[in-house]
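In order, the protein sequence lines correspond to chains A, B and C. Per the working numbering, the very first residue in the first sequence carries number 929; after that it's consecutive. Per the working numbering, the very first residue in the second sequence carries number 2; after that it's consecutive. Per the working numbering, the very first residue in the third sequence carries number 11; after that it's consecutive. Before any comments, here is the structure.
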Amino acid sequence: MGLVQKIFYYHLPSAWVFLLSAIVCGIASARFLFGGSPRQDRLAHAAAELTVLFGAIVLVTGPLWARKAWGVWWQWDVRLTSSLMGWMVAWAYLLVRKYGGPGSDKLAAGLALFGMANVPFVYISVNYWRTIHPATSVVPTLPVDMGLALWFAVACFLLLFVLLLRLRVYLEEQRARLDALYLSLDE
Amino acid sequence: MIRTAWLVLKKDLTVEVRSLEIAYTTLFFAVSCVLFFAFALVKEGKAPEDGAAGILWIAIAFGGTLALGRTFERERQSETLRALLMAPAARPAIYVGKLLGIVALLVAAEIVLVPLVAFLFQAPLLSHPFWLGAVLLSGTIGFATVGTLFSAMLVRARSRDVLLPVLLYPITVPVIIAGVRATAALLQPDVELALVRFWVALLIALDVVFVTLALWTFEPLMTD
Amino acid sequence: MRALVVILLLSFSPSVTFAQQPEPQQPKQTDEFVPISQLPAQDQLPAAPLLVTAYAFVWVVLFAYMVSVGRRLTKVQHEVERLESDIAKRA
Chain A
929 MGLVQKIFYY HLPSAWVFLL SAIVCGIASA RFLFGGSPRQ DRLAHAAAEL
979 TVLFGAIVLV TGPLWARKAW GVWWQWDVRL TSSLMGWMVA WAYLLVRKYG
1029 GPGSDKLAAG LALFGMANVP FVYISVNYWR TIHPATSVVP TLPVDMGLAL
1079 WFAVACFLLL FVLLLRLRVY LEEQRARLDA LYLSLDE
Chain B
2 MIRTAWLVLK KDLTVEVRSL EIAYTTLFFA VSCVLFFAFA LVKEGKAPED
52 GAAGILWIAI AFGGTLALGR TFERERQSET LRALLMAPAA RPAIYVGKLL
102 GIVALLVAAE IVLVPLVAFL FQAPLLSHPF WLGAVLLSGT IGFATVGTLF
152 SAMLVRARSR DVLLPVLLYP ITVPVIIAGV RATAALLQPD VELALVRFWV
202 ALLIALDVVF VTLALWTFEP LMTD
Chain C
11 MRALVVILLL SFSPSVTFAQ QPEPQQPKQT DEFVPISQLP AQDQLPAAPL
61 LVTAYAFVWV VLFAYMVSVG RRLTKVQHEV ERLESDIAKR A
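Below you can see the structure in the form of structure tokens.
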């Protein structure tokens, strides 16, 4: 496969961050729904945006690699379909938050929980169905130099995720502060 | 708790039977869907080979979305949902009652749709009625579970008609895929029952996950 | 905080060079018909444009996201400052 395999070092860490972000969004949504903490709601919103971001990276780098490796841009196998579906759920979350009006935070939180239920399915689906996508057993069996590059990339992407998440949550906090200021102005 | 669900279901059925508005409009819409697909996909008088399964499930999904929207619109207009929620009834029971109502409506639509699709697309849909029934029932329950939850949540939201498909379709993609694959497997000349059993098992697993999630989140989602 | 993220993004370059191999030589031009299966593998579908597109996409998207968040943040911060000064004036 040669040169195009290098896409792997961006594709796989992005995929892990995509799934991680969906899980963070789901857990924060659950805590918001059952605990009512606005901090969790802000975290969920930020995580959903990052899910869309890293999902876009996965869904673009994947087909670019697939065009060379499999000869087709896209295949409707389980891994690709369920990833696309999870990505659309994250998009739907953002749409609901933007256009849903009052109460949309809870609505979106409910959606995020269903989206989180999809994540384990995305991960293990490739081990139980015959798909064109490589199985999860490939990663532990990589040769050392590839493995090193991969784990370095994973560490970078995880760090990037944490930093972007904190930045995005900071934006939400500033927005909340703005809302509080407007409220105090009305009084 | 079961009594509450039964009461909610009886109320919905009574209201519906008086005018049959939702039943007729949903049915008509689903039938039009099937006809649309027939006109779009038929080439030289012949329908595509495995089109029947997909078309059936698309008609169910679209018709179901319409039914969900209309049912909860009716609730919204008479503010009955708020009254229901204020009643000293267990919230999950209210949800189950509404869910059973929607499932009943969709099953009634399917009873008409299945022979229609079988007729229009020359598909032997009625060759294994028990298995087809299992596939349709588990798929419909999966779809209706998520749909009822989201429709109830959307009652007080803005742009609710647009948002229902946006929320509903990505989540129900696995249900639709499994339903179509199972139905298509049943339409083969030599049916592999093991394959059909696999898809039905997956549908039932999805139903369990969705119903559990829905029952768990209905209460916090409906409180202000 | 933003500087940290930029530094992190720049630190991607080591991971890219880590995994790079030297570019292969350009093959001789063929002057008669050669079926595609007998061409050297890289001529069948050049991988470099795909790889470059993929990497470029990742960088562009991450950069665009940072710019978007930055813009929204400055807008909100300006408005917060404006409101706070308004409130201080009234007090």
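All C-beta atoms, glycine included, are put in the ideal place defined by N, C-alpha and C.
Residue i classed as buried or exposed, judged by whether at least 16 other C-beta atoms fall within 10 angstroms
i, result
"residue 34 of chain C", "Only weak support is given to the placement of residue 34 of chain C: the predicted model assigns it a pLDDT of 42, under 50, and the question is left unresolved by the model."
"residue 91 of chain C", "exposed"
"residue 1053 of chain A", "buried"
"residue 78 of chain B", "exposed"
"residue 13 of chain B", "buried"
"residue 95 of chain B", "buried"
"residue 1011 of chain A", "buried"
"residue 131 of chain B", "exposed"
"residue 938 of chain A", "buried"
"residue 182 of chain B", "buried"
"residue 2 of chain B", "exposed"
"residue 79 of chain C", "buried"
"residue 52 of chain B", "buried"
"residue 1000 of chain A", "exposed"
"residue 998 of chain A", "exposed"
"residue 1100 of chain A", "buried"
"residue 1112 of chain A", "exposed"
"residue 1077 of chain A", "buried"
"residue 208 of chain B", "buried"
"residue 936 of chain A", "buried"
Nearest-angstrom beta carbon gap, residue j and residue i [assumed within contact, 8 Å]
i, j, result
"residue 200 of chain B", "residue 215 of chain B", "Their Cβ separation, rounded to whole angstroms, is 22 Å, which puts residue 200 of chain B and residue 215 of chain B out of contact at 8 Å."
"residue 1033 of chain A", "residue 969 of chain A", "5 Å"
"residue 211 of chain B", "residue 93 of chain B", "14 Å between Cβ atoms; not a contact."
"residue 1047 of chain A", "residue 950 of chain A", "5 Å"
"residue 133 of chain B", "residue 65 of chain B", "At roughly 18 Å, the Cβ-Cβ gap does not stay under 8 Å, so residue 133 of chain B and residue 65 of chain B are not in contact."
"residue 82 of chain B", "residue 192 of chain B", "Between residue 192 of chain B and residue 82 of chain B the Cβ distance is about 43 Å, and since that is not below 8 Å, they are no contact."
"residue 115 of chain B", "residue 57 of chain B", "7 Å"
Beta carbon of residue i nearer than 7 Å to that of residue j
i, j, result
"residue 1040 of chain A", "residue 953 of chain A", "yes"
"residue 1103 of chain A", "residue 86 of chain C", "yes"
"residue 54 of chain B", "residue 121 of chain B", "no"
"residue 135 of chain B", "residue 126 of chain B", "no"
"residue 978 of chain A", "residue 1092 of chain A", "yes"
"residue 1059 of chain A", "residue 1005 of chain A", "yes"
"residue 1018 of chain A", "residue 961 of chain A", "no"
"residue 10 of chain B", "residue 98 of chain B", "yes"
"residue 90 of chain B", "residue 5 of chain B", "yes"
"residue 1097 of chain A", "residue 958 of chain A", "no"
"residue 68 of chain B", "residue 27 of chain B", "yes"
"residue 1015 of chain A", "residue 983 of chain A", "yes"
"residue 140 of chain B", "residue 204 of chain B", "yes"
"residue 58 of chain C", "residue 930 of chain A", "no"
"residue 1024 of chain A", "residue 1035 of chain A", "yes"
"residue 152 of chain B", "residue 73 of chain B", "yes"
"residue 976 of chain A", "residue 956 of chain A", "no"
"residue 149 of chain B", "residue 117 of chain B", "no"
"residue 932 of chain A", "residue 996 of chain A", "yes"
"residue 102 of chain C", "residue 1095 of chain A", "One cannot answer for residue 102 of chain C here, as it falls past the ends of chain C, which runs 11 to 101."
"residue 992 of chain A", "residue 60 of chain C", "yes"
"residue 168 of chain B", "residue 1020 of chain A", "yes"
Terminal residues of the alpha helix (DSSP H) in which residue i lies
i, result
"residue 1015 of chain A", "1006-1027"
"residue 59 of chain C", "57-100"
"residue 935 of chain A", "No alpha helix (DSSP H) contains residue 935 of chain A, which DSSP labels as neither H nor E."
"residue 35 of chain B", "22-42"
"residue 166 of chain B", "161-188"
"residue 87 of chain B", "81-87"
"residue 143 of chain B", "130-155"
"residue 2 of chain B", "Note, residue 2 of chain B: premise wrong, no alpha helix (DSSP H); not H, not E."
"residue 216 of chain B", "194-223"
"residue 1066 of chain A", "Careful: residue 1066 of chain A lies outside any alpha helix (DSSP H) and carries neither H nor E."
"residue 1102 of chain A", "1072-1114"
"residue 1058 of chain A", "Per DSSP, residue 1058 of chain A belongs to no alpha helix (DSSP H) and is neither H nor E."
"residue 98 of chain B", "92-121"
"residue 45 of chain B", "Neither: residue 45 of chain B is in no alpha helix (DSSP H) and is coded neither H nor E."
"residue 986 of chain A", "966-997"
"residue 52 of chain B", "52-78"
Residue i CB to nearest heavy atom of the ligand FAD below 6 Å
i, result
"residue 112 of chain B", "As presented, the structure is devoid of all ligands, the ligand FAD included, so that no description of it is given."
Evaluate contact between the segment 154-161 of chain B and the segment 139-146 of chain B, counting only Cβ atoms and requiring at least three cross-stretch pairs below 8 Å.
-> no
Count the C-beta pairs between the segment 164-178 of chain B and the segment 38-45 of chain B that are closer than 8 Å, then say yes if the count reaches three, no if not.
-> no
Determine, using beta-carbon pairs with one atom in the segment 1078-1085 of chain A and one in the segment 55-74 of chain C, whether at least three such pairs fall under 8 Å.
-> no
Any contact of the segment 14-33 of chain B with the segment 109-118 of chain B, i.e. 3+ C-beta pairs under 8 Å?
-> yes
Flag this pair as touching only if the segment 979-990 of chain A and the segment 1067-1078 of chain A have three or more C-beta atom pairs under 8 Å; answer yes or no.
-> For the pair of segments examined, the segment 979-990 of chain A was found not to touch the segment 1067-1078 of chain A: the number of CB pairs separated by less than 8 Å stays below three.
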